[in-house]
Every structure is written in structure tokens, then in C-alpha cells.
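Enquirer:
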Amino acid sequence: MNSKAKTRIAACGCGQLSAEVRGEPLDVYLCSCTDCQRLSGSSYSYQAIFPPDAVTVKGERKTWRHHGESGRWLENVFCPDCGNTVVCLGEIGPEIGICVGTFAESDFPPPQRVYWASRRHRWLELPEEAELFDKQPGL
Ligand SMILES: [Zn+2]
Ligand SMILES: [Zn+2]
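In C-alpha cells:
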């Protein structure tokens, strides 16, 4: 890994669980499926995808495994104290998803894609270059 790569720290609400991430994300997306709305407590989840060797997770954690439409598993990695999910893993690949809000960085790269776009809350204005999808391919 390039030693000059930018380092970011994602952390849960109480700060106990964190993920140090090196370099820029491979992909950034929103998902407005109803699972993501419920799990995030917001109108969409905002995820950044990193290669596994760019992420170091520290702290106590619990995981919750659930299944997407395709039947493949997804795993939320969350803080047992405050319940905040920081990391998401999936059967689809070794890449690691980080919940972008946990970086608390307002300059974070915007989403390139919006999954389950038809379920998004109507007030949400999207970046013009974002590509809209009816579902999330592969999940
Ligand atoms: Zn916490
Ligand atoms: Zn979703």
C-alpha cells in the first residue's frame, strides 16, 4: 500500500468500534432498499467499498447476518455498546463496505450509483452523474 495514501477513521457513535481505512474507495453508492432504510434509520445507506487489505477494524464487535434478495448473505458488523454498524461484509466478495456516515467527513466522495432508486424518498436530490438502478445487482 502506498505510504502517502490518505488514512481515514470510521467510528461508531460511542467510539469503541473503529475501522482505519487506507487509500480511496473502490466504489461509493447509496442503497434505498427497505432493509437499508430500516437498518440505517435513514432514507438510504451510504456505503464505500475498500479492498480488504486497506481496512483494519479495532474494538469489540458483534455481527448480524441476513440475506439479500438473491439469497446471498450480508453481514453487519456493529458496536455491542451503542449498536452502530460501521462495517458491512458480503458473500459476493472479499471487499469491505464502510458506512460512510461513520467517517463524519463532509467532503467524502459522493455516490456513483443509487440502488433501489425507485424506493428512495422523493425529496432526495442526487448528483447528476449518479447512475440509478432498480435493484442492487448480485445482492
Ligand atoms: Zn459504539
Ligand atoms: Zn439496501
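Each residue of the sequence shown is one higher than the one before, starting from 625 at the first, in our numbering. Think of the CB as a built atom: it goes at the ideal place given N, C-alpha and C, for glycine as much as any other residue. Remember, it's a predicted structure, so these values are computed and weren't measured experimentally.
Q661 by DSSP, collapsed to three states: which one?
Expert: Of the three classes helix, strand and coil, the one that applies to Q661 here is helix, per DSSP.
Enquirer: To the nearest whole angstrom, what separates the beta carbons of Q640 and G683, a pair I think is in contact under 8 Å?
Expert: Confirmed, Cβ separation roughly 5 Å.
Enquirer: At 4 residues or longer, what runs of the alpha helix (DSSP H) sit wholly inside the region 633 to 718?
Expert: 658 to 664, all fully within the region 633 to 718.
Enquirer: Return helix, strand or coil for G762, following the three-state DSSP convention.
Expert: Coil, per DSSP.
Enquirer: Is any non-hydrogen atom of ligand 2 found closer than 7 Å to the C-beta of Q736, if you look at the structure I gave you?
Expert: Because no heavy atom of ligand 2 lies under 7 Å away, the Cβ of Q736 does not count as near it: no.
Enquirer: Is the number of C-beta pairs between the region 729 to 741 and the region 645 to 654 that are closer than 8 Å three or more?
Expert: Taking 8 Å as the limit for Cβ pairs, the verdict is that the region 645 to 654 does touch the region 729 to 741.
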